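Taken in order, these protein sequences are the chains called F and H. To convert, count from 1 in the first sequence and add 31; that's our numbering. To convert, count from 1 in the second sequence and add 662; that's our numbering. One structure is given below, encoded as structure tokens.
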Amino acid sequence: MMHVRRSPQEIAANRARYEEHQKKGLEFAPKALPGPSRLPAPAIDAAAIIHQEIVPGGWYWSTRLLRGEAIRIDQGEGNSTVALAAWNAEDTSERINLVDTAKVQWTTALGKGRVIFSDMGRVMFSMIEDSSGAHDCLMGGSTAASNAAKYPGEKTRNTRDNLILVAVKLGLDRRDIPGILNLFAPVRLSEGGSFGWLGKRSNSGDYVDLRAEMDMLVGFSTCPHPLDPDPTYQPKPVVITRYKAALPLADDLCRTATAEAARGFENNALMQA
Amino acid sequence: MSDFIQTSPARSLQNATQEHFIAAEAPWSGIVRKGQTIRIEDSYGQQAIDTLFYRADDFSERYSNQDTMRMQGAAYIGIDTKIMSNEGNVMLTMTADSCGRHDTSAGACSCESNTVRFGHGTKYLHACRDNFVLEVSKHGMGKRDIVPNINFFMNVPIKPNGEMTIVDGISAPGDYVELVAEMDVLCVISNCPQINNPCNGFDPTPVRVLIWDGED
Numbered sequence: 032m033m034h035v036r037r038s039p040q041e042i043a044a045n046r047a048r049y050e051e052h053q054k055k056g057l058e059f060a061p062k063a064l065p066g067p068s069r070l071p072a073p074a075i076d077a078a079a080i081i082h083q084e085i086v087p088g089g090w091y092w093s094t095r096l097l098r099g100e101a102i103r104i105d106q107g108e109g110n111s112t113v114a115l116a117a118w119n120a121e122d123t124s125e126r127i128n129l130v131d132t133a134k135v136q137w138t139t140a141l142g143k144g145r146v147i148f149s150d151m152g153r154v155m156f157s158m159i160e161d162s163s164g165a166h167d168c169l170m171g172g173s174t175a176a177s178n179a180a181k182y183p184g185e186k187t188r189n190t191r192d193n194l195i196l197v198a199v200k201l202g203l204d205r206r207d208i209p210g211i212l213n214l215f216a217p218v219r220l221s222e223g224g225s226f227g228w229l230g231k232r233s234n235s236g237d238y239v240d241l242r243a244e245m246d247m248l249v250g251f252s253t254c255p256h257p258l259d260p261d262p263t264y265q266p267k268p269v270v271i272t273r274y275k276a277a278l279p280l281a282d283d284l285c286r287t288a289t290a291e292a293a294r295g296f297e298n299n300a301l302m303q304a
Numbered sequence: 663m664s665d666f667i668q669t670s671p672a673r674s675l676q677n678a679t680q681e682h683f684i685a686a687e688a689p690w691s692g693i694v695r696k697g698q699t700i701r702i703e704d705s706y707g708q709q710a711i712d713t714l715f716y717r718a719d720d721f722s723e724r725y726s727n728q729d730t731m732r733m734q735g736a737a738y739i740g741i742d743t744k745i746m747s748n749e750g751n752v753m754l755t756m757t758a759d760s761c762g763r764h765d766t767s768a769g770a771c772s773c774e775s776n777t778v779r780f781g782h783g784t785k786y787l788h789a790c791r792d793n794f795v796l797e798v799s800k801h802g803m804g805k806r807d808i809v810p811n812i813n814f815f816m817n818v819p820i821k822p823n824g825e826m827t828i829v830d831g832i833s834a835p836g837d838y839v840e841l842v843a844e845m846d847v848l849c850v851i852s853n854c855p856q857i858n859n860p861c862n863g864f865d866p867t868p869v870r871v872l873i874w875d876g877e878d
């Protein structure tokens, strides 16, 4: 099994280009981001509201979301985690991809100014507002087994089954359930790589506004995160508001904060031309 | 290329039931039966080996990176890691690891994500997703079946503040992982062709797969 090595010149040129991208991604992008949105959440113009859904704790909901619309996910009473899945409405084989989302933005810490990518190098959501900055794109949701271990003897609902219900009712199946984003889940890694739940879960009234950058089917589950420190199963309701978003301006934060996001939007433009 | 390193008296190069060489940048797939051990060997060192597993008799059950991380409470794949499926079952268990650093948070490279990461000039370069599409399509699957994978020998440290970057691999020539199958699985590999980041030392190289029958 012979192998002919690439030339040292080619390797050096590719390494130099990578290190330039890496430096910008790690050092410049965080400086350009504004930090968490202010509390309380500004009211959404009533004329812009398309629908408002109060999803009970432990349940699921899905909606169609068109490009240019947005959803606000509002904690209400606080301490709720909301699992998010999404598919391109035109071609559901294109779906939310958290591994690409983290990798291309050089961070697992998503917050205001970041974007959420599909598996096709296109932007699905812009995080136009986020008061918490505490989300988890790594650990996934609860399952029947994880709930049985955590809440012995209690009757519970879990995110895996909720997402099966979401997917199947949309005409999809178990193969179509992507890795999920847990909104309002302050999960961080230790230096050694183990997960921890850092600090309080969230403030009551914490909110995230996600602007749709393509037409999508979006699913939600409101079960407690697997690391939620509350030993009792008592998920709270979450208010999800679908509304007509303001048109992005030329200096729109999410479209300009990083070179990676800007290139992602170039890919969106090609799809939508 | 390196010599074979023996991890158990029961497993030698001579008594392996299968030996496969995967060329640089190429895909591969094969069945690993329950009780068999698969060794994935980074023959030249610093080579990311993107890997997916599917239950052999029902491909709708497949590797889940989120379930695997959740179940072990930690982000990196290592010795004793239970490779979990989307249905909550253990697919394989890692029994040997001479490297100590494997990723399952960063996914596979694709032509599409390369345009975002490195510019549109890198679109027309061979990528893992294309390898996966070609390989899973042989088994009647499609793009929707390609889920976030394991990157054996890929070094992706994630800092406590969330910062995540691909850095030089620490695997030496001949470094290996061994996994014992807990169910019959289809293993699908993309021998990563990426030359835009350090996951392959900017120089993709061949790798080797060995499979042994169970010891009992």
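Quick reminder that beta carbons are idealized off the backbone N, C-alpha and C, glycines included. In this text, all values refer to a predicted model and were calculated from it rather than measured experimentally.
- For residue 121 (chain F), there are no C-beta contacts with chain H under 7 Å, since the nearest C-beta of that chain is about 14 Å from it.
- Shortest Cα-Cα distance from residue 278 (chain F) to any of F:43, F:79, F:36, F:289 involves F:79.
- Interface with chain H (9 Å Cβ-Cβ cutoff): residue 178 (chain F) is excluded.
- Listed along the chain, the chain F residues whose CB falls inside 9 Å of the CB of residue 701 (chain H) amount to none; the nearest CB is some 15 Å away.
- Counting along the chain, no beta strand (DSSP E) covers residue 136 (chain F); the unbroken alpha helix (DSSP H) around it starts and ends at 129–136.
- Remark: C-beta atoms of residue 49 (chain F) and residue 776 (chain H) do not approach each other more closely than 9 Å.
- If you keep only unbroken beta strand (DSSP E) runs of at least 3 residues inside the stretch 790–841 of chain H, you get 812–814.
- With fewer than 16 other CB atoms across the displayed protein chains lying within 10 angstroms of its CB, residue 200 (chain F) is exposed.
- Residue 812 (chain H) is positioned such that its CB atom lies no closer than 9 Å to that of residue 692 (chain H).
- Sorting H:854, H:846, H:861 by C-alpha distance to the C-alpha of residue 833 (chain H) places H:861 at the top.
- DSSP, reduced to helix, strand and coil, places residue 861 (chain H) within a helical segment of the structure shown.
- Between residue 706 (chain H) and residue 714 (chain H) a beta carbon distance of about 22 Å is seen, past the 8 Å cut, so the two are scored as non-contacting.
- Membership of residue 853 (chain H) in the beta strand (DSSP E) is indicated by the continuous run 847–853.
- For the stretch 834–861 of chain H, the residues whose beta carbon sits under 8 Å from a beta carbon of chain F are, in order, 857, 858, 859, 860.
- Residue burial annotation: residue 728 (chain H) is buried, with at least 16 other C-beta atoms found within 10 angstroms of its C-beta.
- Nearest Cα to residue 831 (chain H) within the set H:761, H:788, H:766, H:800: H:761.
- The contact set of residue 677 (chain H) on chain F, defined by CB atoms closer than 7 Å, is empty, because the minimum CB distance reaches about 20 Å.
- If you look at residue 732 (chain H), you'll find it in the alpha helix (DSSP H) that goes 727–734.
- At a cut-off of 9 Å between C-beta atoms, residue 82 (chain F) does not count as an interface residue with respect to chain H.
- Only residues of its own chain outside the window of five on either side were considered, and among them 853 have a CB closer than 6 Å to the CB of residue 688 (chain H), listed in chain order.
- Under the 10 Å beta carbon count, residue 183 (chain F) is surrounded by fewer than 16 other beta carbons and is classified as exposed.
- Contact annotation: the stretch 818–828 of chain H does not touch the stretch 836–851 of chain H, with fewer than three C-beta pairs closer than 8 Å.
- Note that the C-beta distance between residue 843 (chain H) and residue 673 (chain H) is not below 9 Å.
- According to DSSP, residue 167 (chain F) shares a beta bridge with F:213.
- Within the same chain, and ignoring the five residues on either side of residue 153 (chain F) in sequence, the residues whose Cβ sits closer than 7 Å to its Cβ are 245, 295, 298, 299, 302.
- At a Cβ-Cβ threshold of 9 Å, residue 821 (chain H) and residue 220 (chain F) count as neighbours.
- In the DSSP assignment, residue 713 (chain H) falls within the unbroken beta strand (DSSP E) covering 711–717.
- The beta carbon of residue 287 (chain F) sits no closer than 9 Å to any beta carbon of chain H.
- In the three-state reduction of the DSSP assignment, residue 97 (chain F) falls in the coil class, being assigned neither a helical nor a strand state.
- Between residue 772 (chain H) and residue 792 (chain H), the CB-CB gap stays under 9 Å.
- Beta-carbon to beta-carbon, residue 737 (chain H) and residue 746 (chain H) are separated by about 14 Å, too far to satisfy the 8 Å threshold.
- Distance between residue 111 (chain F) and residue 698 (chain H), taken at the CA atoms: about 43 Å.
- Between the alpha carbons of residue 81 (chain F) and residue 104 (chain F) lies a distance of about 14 Å.
- As DSSP reads the structure, residue 759 (chain H) sits in a beta bridge with H:839.
- Classified as buried, residue 157 (chain F) has 16 or more neighbouring CB atoms from the shown chains inside 10 Å of its CB.
- Residue-level contact check: residue 868 (chain H) touches chain F, since one or more beta carbons of chain F fall below 9 Å from its beta carbon.
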